[in-house]
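Novice: Residue numbers (our numbering), protein chains in the order written: chain A, 11 to 442; chain B, 889 to 1071.
Ideal Cβ placement from N, Cα and C applies to all residues, glycine included.
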Amino acid sequence: MNFPLQDFIATSAAHPWTYVLFGLIGFAFGFTLEMSGFGNSRKLAAQFYFTDLTVLKVMFTAIVTAMVLTFGAAGLGLLNFSQVWVNPTYLPSGILGGLIMGVGFIVGGFCPTTSLAAASTGKVDGMFFVFGGFFGAFLFSETEKYFDNWYNNAGYYGRLTLDQVFHLPVGVVVLLVVLMALFMFWGAEQLERIFGRKDLTKEPKLRIAGAGALVALALAVVFIGTPSLEEKYNKLTFTRTESIPQLNADPLTETHVYSADQMLEKRLVQIAPAELFKTVYNQSINLVMLDVRTESDFNLYHINGAINIPLDKLSTIIPDLLTEPPANSVFVLMSNDEAAATEAWKQVSASTVPNVYILEGGLNNWISFFGKDEGFQAASSVTDDKLGYVFSAALGSKYESCDPNPQAYEELEFEAKIKLQLKRDKSGGGCG
Amino acid sequence: MTTAPVTKKNIFNRPEKPYVNPYFGGMVLGIILFLALFLTGNGLGSSGGTTRLVAFIEDQINPAHVDRTPYLLKMAGGDKNPLDDWIIPVFFGALLGGFTSGTLFGRTKLETTKGPNVTNRTRWLMAFLGGTIFLYGARMARGCTSGQALTGGATLAAGSWVIMFAIFGGAYALAYFVRKLWN
Chain A
11 MNFPLQDFIA TSAAHPWTYV LFGLIGFAFG FTLEMSGFGN SRKLAAQFYF TDLTVLKVMF
71 TAIVTAMVLT FGAAGLGLLN FSQVWVNPTY LPSGILGGLI MGVGFIVGGF CPTTSLAAAS
131 TGKVDGMFFV FGGFFGAFLF SETEKYFDNW YNNAGYYGRL TLDQVFHLPV GVVVLLVVLM
191 ALFMFWGAEQ LERIFGRKDL TKEPKLRIAG AGALVALALA VVFIGTPSLE EKYNKLTFTR
251 TESIPQLNAD PLTETHVYSA DQMLEKRLVQ IAPAELFKTV YNQSINLVML DVRTESDFNL
311 YHINGAINIP LDKLSTIIPD LLTEPPANSV FVLMSNDEAA ATEAWKQVSA STVPNVYILE
371 GGLNNWISFF GKDEGFQAAS SVTDDKLGYV FSAALGSKYE SCDPNPQAYE ELEFEAKIKL
431 QLKRDKSGGG CG
Chain B
889 MTTAPVTKKN IFNRPEKPYV NPYFGGMVLG IILFLALFLT GNGLGSSGGT TRLVAFIEDQ
949 INPAHVDRTP YLLKMAGGDK NPLDDWIIPV FFGALLGGFT SGTLFGRTKL ETTKGPNVTN
1009 RTRWLMAFLG GTIFLYGARM ARGCTSGQAL TGGATLAAGS WVIMFAIFGG AYALAYFVRK
1069 LWN
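1. Pull the bridge partners of residue 265 of chain A from the DSSP assignment, please.
2. So, at 8 angstroms on beta carbons, what are the nonlocal neighbours of residue 928 of chain B in its own chain, with the 5 sequence-adjacent residues on each side left out?
3. Pull up the distance between the alpha-carbon of residue 56 of chain A and that of residue 48 of chain A, whole angstroms please.
4. Which runs of the alpha helix (DSSP H) spanning at least 4 residues fall entirely within the region 911-964 of chain B, listed in chain order?
5. Return the first residue and the last residue of the beta strand (DSSP E) that residue 339 of chain A is part of.
6. Quick check on the burial criterion: 16 or more other C-beta atoms within 10 angstroms. Buried or exposed for residue 351 of chain A?
7. Starting from residue 100 of chain A, find everything on chain B with Cβ-Cβ shorter than 9 angstroms and list it in chain order.
8. Decide yes or no for the touch test of the region 360-371 of chain A against the region 393-412 of chain A: beta carbon pairs closer than 8 angstroms, at least 3 of them.
9. Nearest to residue 90 of chain A by CA position, among A:66, A:241, A:36 and A:164, is which residue?
10. Locate the alpha helix (DSSP H) running through residue 232 of chain A, then write down its first and last residues.
11. Leaving aside the five residues before and after residue 430 of chain A along the sequence, list all residues of the same chain whose C-beta is less than 7 angstroms from its C-beta, in chain order.
12. Answer yes or no: does any C-beta atom of chain A fall closer than 8 angstroms to that of residue 965 of chain B?
13. Who are the Cβ neighbours of residue 154 of chain A in its own chain at under 8 angstroms, not counting the five residues just before and after it?
14. Any beta-carbon of chain A closer than 8 angstroms to the one on residue 948 of chain B?
15. Which same chain residues end up closer than 7 angstroms to residue 116 of chain A when comparing Cβ atoms and leaving out the 5 residues on each side of it in sequence?
16. Compare the C-beta of residue 909 of chain B with all C-beta atoms of chain A and state if any pair is closer than 8 angstroms.
17. Could you tell me the alpha carbon to alpha carbon distance between residue 75 of chain A and residue 44 of chain A, rounded to whole angstroms?
18. Against chain A, with Cβ distances strictly below 8 angstroms, would residue 969 of chain B count as a contact?
19. List the endpoints of the continuous alpha helix (DSSP H) containing residue 1005 of chain B.
20. Note down, in chain order, all residues in the region 996-1025 of chain B with a beta-carbon under 7 angstroms from any beta-carbon belonging to chain A.
21. Taking 7 angstroms as the cut-off, is the CB of residue 185 of chain A close to at least one heavy atom of the ligand SAH?
22. From this set, B:990, B:1020, B:1049 and B:1071, which residue's C-alpha is nearest residue 902 of chain B's C-alpha?
23. Can you tell me which of A:224, A:295, A:356 and A:287 puts its alpha carbon nearest to the alpha carbon of residue 417 of chain A?
24. Assign residue 972 of chain B to one of three DSSP states: helix, strand, or coil.
25. Under the assumption that residue 168 of chain A contacts residue 99 of chain A (Cβ atoms under 8 angstroms), give the Cβ distance between them as a whole number of angstroms.
26. Cutting at 7 angstroms between CB atoms, please list the residues of its own chain near residue 411 of chain A, excluding the five before and the five after it.
27. If contact means a Cβ-Cβ distance below 9 angstroms, which residues of the region 136-156 of chain A contact chain B?
28. Quick check on this structure: which residue in A:315, A:314, A:348 and A:340 has the alpha carbon closest to the alpha carbon of residue 321 of chain A?
29. Using 10 angstroms around the beta-carbon of residue 177 of chain A, count the other beta-carbons present and answer buried if the total reaches 16, otherwise exposed.
30. Would residue 52 of chain A pass as an interface residue toward chain B - the criterion being a Cβ-Cβ separation below 8 angstroms?
31. Let me confirm a value: residue 966 of chain B is counted as buried when at least 16 other C-beta atoms fall within 10 Å, else exposed. Which label applies?
32. Where DSSP assigns a beta bridge to residue 400 of chain A, which residues make up the other side?
33. Mapping the DSSP letters down to three states, classify residue 132 of chain A as helix, strand or coil.
34. Within the same chain, show all residues whose beta-carbon is closer than 7 angstroms to that of residue 289 of chain A, passing over the 5 residues directly before and after it, in chain order.
35. Can the beta-carbon of residue 142 of chain A be found less than 8 angstroms from the beta-carbon of residue 1019 of chain B?
36. Is there contact between the region 986-1002 of chain B and the region 122-135 of chain A, where contact requires at least three CB pairs shorter than 8 angstroms?
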C-alpha cells in the first residue's frame, strides 16, 4: 500500500469516509491542545514573559516528533514524501504575515486553533478572539486585491525544504533540528527556573529518556537515508483517463494507473515535435526544454530556448527543476534520438519532478519535420543517438527550423499527450 | 503553573484536573500530526477554515461580490463550494475535541482568562482585536501556527521555519509594551 492514501488526499463526496477521517484528526487536534493548557490565554501569553514556556515545549515536541516519524517513514519507503503537502515558500508575505501574527498573539492571547479550544470550553475571551478572527479574514479577503501581485509572486520559491537550502542530506537536517529543539528545551527550563521560580527537580525524569529516544530515532533516520532513485522510480504511478466513444450514449471514461515503465512502453510520454512546438506558444504553460546531448552537438544545432545539460550533469539541476511552479510547468527532454532522453526521463521522474516528457524521435525527428526545406545533408550512417545530419558550422539555434514561424505552422495535427498532472492540489494543505 | 483561579463552578460539575505535561502533550500532538501527514498527505490547520467560512457567508449574501474579489474567487467563485475542503471537518472537529477534553477534565466553564490587572471588558476588546490582527497575518502568510509553524515545521518547509521565527519575533518584540495586559 502506498501512503498517503490517494482517496484521502482531499475530501470528496465520492468517499464520505474522508469527512470522518478529517473530523477525527480535528477532534484529536483540539483535544490535545486543550489537554496541554492551550485553552487558557494566560498560559499562552506567559510564553512571552518567560514564566511558563509551555507553548514552546508543546510546539517543538510536536514538530520534532512528527518530523522524525515522517522522514523515518519516507526513508523506509512507506510514505511517498513527494505526495505530502509542503507549504510553498513565499518569503516577504510570509515574514510580514508572521510578524503580524506575533502581534495578534500577544494582544489577543491566542492563536486560531487554540482560540477554538478556548471558545468551546466556555472561555468568553476565546469566543471574542474567534469572532475577531472572522473579521480579520474578511478584512484580508477585501484588501488582498490591492497587493495581489506582490502576494502571489514576490519571493516565491515553491516547494523548498531545509535540506535543499543547506545542501545537506535530509537525515542530517532532521538530527540537527532535534538537537536544536533539545537545546531550546534546556534553555526554556532554565528561563522557567529564573523567571517563573519553578522547581526543576519536580519535573518528571522521564523527559530525559524521551530526549534520548528522540536522538536515537533521529540517528536512525540519518542511517536509513532516503530511498534510492531506483526504488523511487519503481514506485512511480501515473493516472491517465481514456475516453471510449459509445454508439448511443455519452462516452465512457476509464481511468488507468500506469507504472513508469508502462508509460514509456505505451509511448504516453513521447510527444511529437508538433506538440512541443504548439506548447512553446501556449501562454498558460511554463515550458522547460532540456537538451541532454553533449555540448558539441548542442552547439551544432538546438531548438531555440532549450537549455543544454549533458546527461551526466543532470542530477545537479534537479533541485532547481523541483522549485519550478508545480501547477503549470512542463519539462521536455531531448537527445538526438530517444535513448539518452529516455535515460534522463527516468532520472528526472524518479526525483518526483512532475510533468516530464520526451521529444519523440529526438532532434533528428524535429529536423526532418520542421527543417525538411532547409536542405540539411543527411549523415551517411546514423548510429545510436547520433545526429542524423551533417552541419558545416556550429550555428546553434540560428537555423530557421530551430524557431519555426508559428504562422507557417498554424494547423498541425498530432496526438496530444501532455496531461498536466498536479502532484498536489495547490490549495490542499496547511491552513491555506 | 499559572492557571486562572477557580471561582466559578464548571458546567458539568466534574473535578478540575491539571493540564498534562507539555512534553507529553507535544508528543501526542506530534503523533497526530504525523498520522495526518501519513494517511492524507495534509497536515493540521484552522485559519483556512475561518477564511472558508467567511467566503461561504459572503457567497450567501453577495455572490457577485465574491466573483469580483480575486482572493474569494479562488475559493467560492461560480458554483464552487468553499466548504468542500478538508480543513472544514478539521475546524469543527477541533471545536468538538477541545470541548470534550475541557469537559472531561472539568475545565468547561463560562469564564474569561486574563491578566490580573485588566477588566473583562478590556480583555474581550483585546481578544477581538488580537483575533482580527492574527487572522489578517495568518492569511498574509498562508497559514497560522498550525498550518505553517507545526505542519511546515515538521515537513522542513523553508518558508514555514521563517514564518515561525517571525511569529515569535513579533510577539516577543511587542510583549514588553503590552505587559500590563498579562501581568
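Specialist: According to the structure data:
1. Residue 265 of chain A is bridged to A:251.
2. Excluding residues within five positions, the ones whose Cβ falls inside 8 angstroms are 974.
3. 11 angstroms
4. 935-949, 951-956 and 958-964
5. Run containing residue 339 of chain A: 339-344, per the beta strand (DSSP E) assignment.
6. Per the 10 Å Cβ criterion, buried.
7. 1029, 1030 and 1047
8. no
9. A:241
10. 216-234
11. 338 and 365
12. no
13. 161
14. no
15. The answer, listed in chain order, is 55 and 58.
16. At a cut-off of 8 angstroms between beta-carbon atoms, residue 909 of chain B makes contact with chain A.
17. Per the coordinates, the alpha-carbon of residue 75 of chain A lies some 19 angstroms from the alpha-carbon of residue 44 of chain A.
18. no
19. Counting along the chain, residue 1005 of chain B falls outside any alpha helix (DSSP H), and DSSP gives it neither H nor E.
20. Per Cβ criterion, the list reads 996, 997, 998, 999, 1000, 1001, 1002, 1003, 1011, 1012, 1014, 1015, 1016, 1017, 1018, 1019, 1020, 1021, 1022, 1023, 1024 and 1025.
21. The ligand SAH is absent from the structure shown, which contains no ligand whatsoever.
22. B:990
23. A:287
24. coil
25. 7 angstroms
26. 377, 380, 381 and 384
27. Those would be 136, 137, 138, 139, 140, 141, 142, 143, 144, 145, 146, 147, 148, 149, 150, 151, 152, 153, 154 and 155, in chain order.
28. A:348
29. exposed
30. yes
31. exposed
32. DSSP output for residue 400 of chain A lists A:387 as bridge partner(s).
33. coil
34. Cβ contact annotation for residue 289 of chain A (same chain, cutoff 7 angstroms, sequence separation greater than five): 295, 297, 340 and 428, in chain order.
35. yes
36. yes
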